[in-house]
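*Asks:* Residue numbers (our numbering): 12 to 373.
C-beta atoms are modelled at their ideal positions from N, C-alpha and C, and glycine is treated no differently.
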């Protein structure tokens, strides 16, 4: 059940060996993060983490509560083999399990799983540092969050990160669960900045704030799009740029997951402003009033009420979150707009140019 995937300069998704695979991993061009279930087949026979190794490396961390074992290593470690063929670079190793001599409650049979990380450089149409996918694997939960620049109909990732001023940028956020629990994904906030590091940016522009309110939809043709599944959320954002700053834009977005059965919390929502009706509308329930707070301050239900809604304990109210950067966007101005832009360089509405504001430190 070999798993193979692509690498980019930034972290990206790697495929796992089927929907029920006990192994999930991701690579960048220098390292790997691999996760293994300790009860891989759901039989109650556990893998002994001390008997599991990736090449020459033992597990870097364990999470007994989640039943997960983590391996986070550089390709220079663990005895990874490197194979180069033309513009293809492949790193490979084996995940090996040797059961203890007296297995007891542990799985009694040895196995070996081939792990490949393949970089098909010849297939790139843009430099690696501007890959369309960015992702992060949560080490505490086995959740893989991704943010992907998509083509116009969201049928495939975009082959470019270059957009014309005023055109639509299509972004898809998704979460994949290693434990296959049902999840609903939200974009809690999103800030556009002029640098990859948000704290270092001289300018910023708030796209999403107040727990899922798409503020940019008030002044531009931006909106959340209908979901295809609860664990995916799609955003159409009208391209803009900062005045007096180069064409690079970095979107710094915080995403979170929530119980898909609960649609009543004002802090777990996806709201777009509809100019024709002059009202905010919730993506998951258009008739709901949960978005009314977008023009003020959105506060969540008390934790006691949340526990009652979920039917659980205080621990059930915890949320899994991931910070991510969709990098990077290059915004170009059509030649025919240049003269108009010069006439009103401070306007953020007509030509989608923003002065931005100094980033406050917290």
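1) According to DSSP, is residue 194 part of a helix, a strand, or is it coil?
2) What's the gap between the Cα of residue 80 and the Cα of residue 342?
3) If you measure from the CB of residue 278, is any heavy atom of the ligand NAP nearer than 7 Å?
4) What is the rounded straight-line gap between the Cα of residue 50 and the Cα of residue 118?
5) Helix, strand or coil for residue 343 per DSSP?
6) By DSSP's criteria, residue 271 is part of a beta bridge. Which residues make up the other side?
7) Cα separation between residue 264 and residue 200?
8) Where DSSP assigns a beta bridge to residue 127, which residues make up the other side?
9) Looking only at its own chain, which residues have a Cβ that is under 7 Å from the Cβ of residue 194, when we skip the five neighbours before and after it?
10) If you draw a straight line from the alpha carbon of residue 375 to that of residue 103, how long is it in whole angstroms?
11) In the structure shown, what three-state DSSP assignment does residue 303 receive?
12) From residue 262 to residue 40, what distance separates their C-alpha atoms?
13) If you reduce the DSSP assignment to three classes, tell me which class residue 227 lands in.
14) List the residues that DSSP assigns as beta-bridge partners of residue 93.
15) Between residue 197 and residue 107, how many whole angstroms is the CB-CB distance? I'm expecting something under 8 Å.
16) Please report whether the beta-carbon of residue 233 lies at a distance below 8 Å from any beta-carbon of chain B.
17) Report the rounded CA-to-CA distance for residue 172 versus residue 209, giving the unit in angstroms.
18) Quick one: what's got a C-beta closer than 7 Å to residue 70's C-beta in the same chain, skipping five residues either side?
19) Within the chosen definition, does the region 252-260 reach the region 293-303 through at least 3 CB pairs nearer than 8 Å?
20) According to DSSP, is residue 211 helix, strand or coil?
21) In terms of residues, what are the limits of the beta strand (DSSP E) holding residue 175?
22) Just the C-alpha distance for residue 101 and residue 157, rounded to the nearest angstrom, thanks.
23) Assign residue 279 to one of three DSSP states: helix, strand, or coil.
24) Using the Cα positions of residue 174 and residue 180, report the straight-line distance between them to the nearest angstrom.
*Replies:* Quick answer:
1) By one-based count along the chain shown, residue 194 stands at place 183. Three-state result, residue 194: coil.
2) Within the chain shown, residue 80 is the residue found at index 69, counting from 1. Within the chain shown, residue 342 is the residue found at index 331, counting from 1. In a straight line, the C-alpha of residue 80 is about 42 Å away from that of residue 342.
3) Absent from the structure shown: the ligand NAP. Ligands present: none.
4) As a first step, residue 50 is located in the chain shown; it is residue number 39 there, counting from the start. As a first step, residue 118 is located in the chain shown; it is residue number 107 there, counting from the start. Approximately 9 Å between the Cα atoms of the pair.
5) On the chain shown, residue 343 is found 332 positions in, with the first residue counted as 1. Strand.
6) Working through the chain shown from its first residue, we reach residue 271 at position 260. Bridge partners of residue 271: none, in fact.
7) If you number the chain shown from 1, residue 264 lands on position 253. If you number the chain shown from 1, residue 200 lands on position 189. Annotation: residue 264 to residue 200 spans about 6 Å, alpha carbon to alpha carbon.
8) For the purposes of this step, residue 127 is taken as residue 116 along the chain shown, with counting starting at 1. Residue 127 pairs with 103.
9) Translated into the one-based positions of the chain shown, residue 194 becomes position 183. Only 186, 188, 241, 242, 268 and 271 meet the Cβ criterion.
10) Nothing can be reported for residue 375: it is not among the residues displayed for the chain, which extend from 12 to 373.
11) Position 292 of the chain shown, counted from the start, is the residue given in the question as residue 303. Note: residue 303 maps to helix in three-state DSSP.
12) Here the question's residue 262 lines up with position 251 in the chain shown. Here the question's residue 40 lines up with position 29 in the chain shown. Each residue's alpha carbon lies about 22 Å from the other.
13) Position 216 of the chain shown, counting from 1, holds the residue named residue 227. The answer is helix: DSSP assigns residue 227 an H, G or I state.
14) Start at 1 with the first residue of the chain shown, and residue 93 comes out as number 82. Answer by DSSP bridge pairing, in chain order: 102.
15) Locating residue 197 in the chain shown gives position 186, where the first residue counts as 1. Locating residue 107 in the chain shown gives position 96, where the first residue counts as 1. Distance from residue 197 to residue 107 at the Cβ level is roughly 39 Å; contact not present, criterion being Cβ atoms closer than 8 Å.
16) Considering every chain present, this structure includes no chain B. It has just one protein chain.
17) Your numbering for residue 172 matches position 161 in the chain shown. Your numbering for residue 209 matches position 198 in the chain shown. Their backbone Cα atoms lie some 19 Å apart in a straight line.
18) Indexing the chain shown from 1 puts residue 70 at position 59. The answer, listed in chain order, is 60, 63, 80, 81 and 82.
19) no
20) Position 200 of the chain shown, counting from 1, holds the residue named residue 211. DSSP places residue 211 in helix when its eight states are reduced to three.
21) Here residue 175 refers to the residue found at position 164 of the chain shown. Looking at the DSSP string, the run of the beta strand (DSSP E) that includes residue 175 is 173-175.
22) Here residue 101 is taken as the residue at index 90 of the chain shown, counted from 1. Here residue 157 is taken as the residue at index 146 of the chain shown, counted from 1. Looking at the two C-alpha atoms, the distance is approximately 23 Å.
23) Your numbering for residue 279 matches position 268 in the chain shown. Here DSSP, grouped into helix, strand and coil, assigns residue 279 to coil.
24) The count along the chain shown starts at 1 and reaches residue 174 at position 163. The count along the chain shown starts at 1 and reaches residue 180 at position 169. C-alpha separation (whole angstroms): 7 Å.
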